[in-house]
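Peer 1: Numbering (the working numbering), first residue to last: 38 to 171.
Ideal placement from N, C-alpha and C gives every residue a C-beta, glycine not left out.
Computed from a predicted structure; not experimentally measured.
Dropping a structure here in structure tokens format, bear with me for questions.
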């Protein structure tokens, strides 16, 4: 039994132009947010006298993903090569995956902190805080 072959229809030019217009509008915002994340990473490092460098890699890395994505959009709009669109989506995937992992870790740490705070509060219910200052 033969299956009918389907002809692949490339994206119509009107649809293609709409996508390019949306990408052109997105490019500036990605660049802005990427630079902002890198500046915030620098401020964190300076504000904590370098100790914050343990944590500043997160916004720095996210900023790099966004800047790279914006550059891939620019390259796609200039060249029209599909590989640039693939590279754009790779950068955005990395950004969202990293953000998701950080969010999951933050939720887990928050739950642990609530449990610790509740257990300390329940254990110290007979403790008179003001008595310590008398």
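Is residue 67 closer than 8 Å to residue 106 when the C-beta atoms are compared?
Peer 2: Yes, these two residues count as a Cβ contact at 8 Å.
Peer 1: Start and end of the alpha helix (DSSP H) containing residue 90?
Peer 2: Per DSSP, residue 90 belongs to the alpha helix (DSSP H) from 90-116.
Peer 1: In angstroms with no decimal places, state the Cα-to-Cα distance between residue 69 and residue 95.
Peer 2: Taking the straight line joining both Cα atoms gives about 17 Å.
Peer 1: Helix, strand or coil, according to DSSP, for residue 73 in the structure here?
Peer 2: Three-state DSSP puts residue 73 in a helix.
Peer 1: Using DSSP with H/G/I as helix, E/B as strand and the rest coil, what is residue 145?
Peer 2: Residue state, collapsed to three classes: helix.
Peer 1: What does a CB cutoff of less than 6 Å around residue 133 pick up in its chain, not counting 5 residues either side in sequence?
Peer 2: Nothing listed; no residue qualifies.
Peer 1: Assuming residue 60 and residue 113 are in contact, meaning their beta carbons sit under 8 Å apart, how far apart are those beta carbons, in whole angstroms?
Peer 2: Indeed, because the Cβ distance is near 7 Å, the residues count as touching under 8 Å.
Peer 1: Cutting at 7 Å between CB atoms, please list the residues of its own chain near residue 139, excluding the five before and the five after it.
Peer 2: Counting only Cβ-Cβ distances below 7 Å, and skipping sequence neighbours, we find 95.
Peer 1: Would you kindly check if the distance between the Cβ of residue 97 and the Cβ of residue 75 is under 8 Å?
Peer 2: Going by C-beta atoms, residue 75 is nearer than 8 Å to residue 97.
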